[in-house]
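*Asks:*
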Amino acid sequence: MASMVSSSAVNLVDQSSGGDDVYVASVPLRAAKGPAQLLMSTAYNLSLWDLQHFMVIIKPASPPHSQVCAFDFQPIDPENIYVALAALSGRPVPGVVLARNMARIPRTRCWFVGRVDGGAIERSYEFNESWQSGLRIGSHDCRDYANGLLEHLTQKKRFLEQLRG
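To convert a position in the sequence shown, counted from 1, into the working numbering, add 10.
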């Protein structure tokens, strides 16, 4: 697993003061259209923990970033049935870290993790540079990525396990 660098400059700040808001959200796993996609949507709607995809979302407090940004780790081709079968059988598959802008924070299945002094987006990109791209479900997947990035940003360890409860 890639090394995670903690910075002494990372400070959680009071919710009423300025800073970048950090969230974690779950979405349905992506699958090929048809029965596989229906199965993933049903699993998500039933809140089956192991069949959800997790991402870290940052809402920056001020420019130069004005849009919400999501970071996640997934297979390079998540809709390929052979990739899905390999991943579900525990074999490693090529993964990719994605960063993309979002119009807004999701309204459901999204949890506030904390507020940090500015620079959370830049620190996320730094974290991504050291993240290994081989994905293996259960040992190096979107949950591990989200937990690692949340710890890097907020110093909170294993945050997803706290949600699972």
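Heads up, the beta-carbon is just placed ideally off N, CA and C, and yes, glycines get one too.
Here the structure is a predicted model, which means the values were calculated and not measured.
Among residues of its own chain, excluding the 5 on either side of MET112, which ones have a beta-carbon nearer than 8 angstroms to its beta-carbon?
*Replies:* Only ILE67, GLN77, VAL78, CYS79, ALA80 meet the Cβ criterion.
*Asks:* What does the Cβ neighbour count give for GLY158, buried or exposed, with the cut at 16 atoms within 10 Å?
*Replies:* GLY158 comes out buried.
*Asks:* Would you report the Cα separation of ILE133 and LEU163, rounded to the nearest angstrom?
*Replies:* First, the residue type needs correcting, since residue 133 is Arg and not Ile in the sequence shown. One C-alpha to the other measures close to 7 angstroms.
*Asks:* Taking just the CA atoms, how far does ARG114 sit from ALA156?
*Replies:* Near 19 angstroms, if we compare the C-alpha coordinates of ARG114 and ALA156.
*Asks:* What residue range is occupied by the uninterrupted alpha helix (DSSP H) comprising GLN84?
*Replies:* No alpha helix (DSSP H) contains GLN84, which is instead part of the beta strand (DSSP E) from 78-85.
*Asks:* Since PHE83 and LEU145 are thought to touch, with beta carbons under 8 angstroms apart, how far apart are those beta carbons, to the nearest angstrom?
*Replies:* Going by Cβ atoms, the distance from PHE83 to LEU145 rounds to 7 angstroms, so yes, they are a contact pair.
*Asks:* Within the present structure, is the beta-carbon of ALA109 separated from the nearest heavy atom of the ligand FMN by less than 6 angstroms?
*Replies:* Ligands displayed in this structure: none; no statement on the ligand FMN is therefore possible.
*Asks:* Leaving out five residues before and five after PHE169 in sequence, what residues of the same chain have Cβ atoms less than 8 angstroms from its Cβ?
*Replies:* For PHE169, where only same-chain residues beyond five positions count, the Cβ hits under 8 angstroms are VAL34, VAL123, ALA156, ASN157, LEU160, GLU161.
*Asks:* I'd like to know whether the C-beta atoms of HIS63 and CYS152 end up nearer to each other than 7 angstroms.
*Replies:* Yes, the pair counts as a contact, with Cβ atoms nearer than the cut-off.
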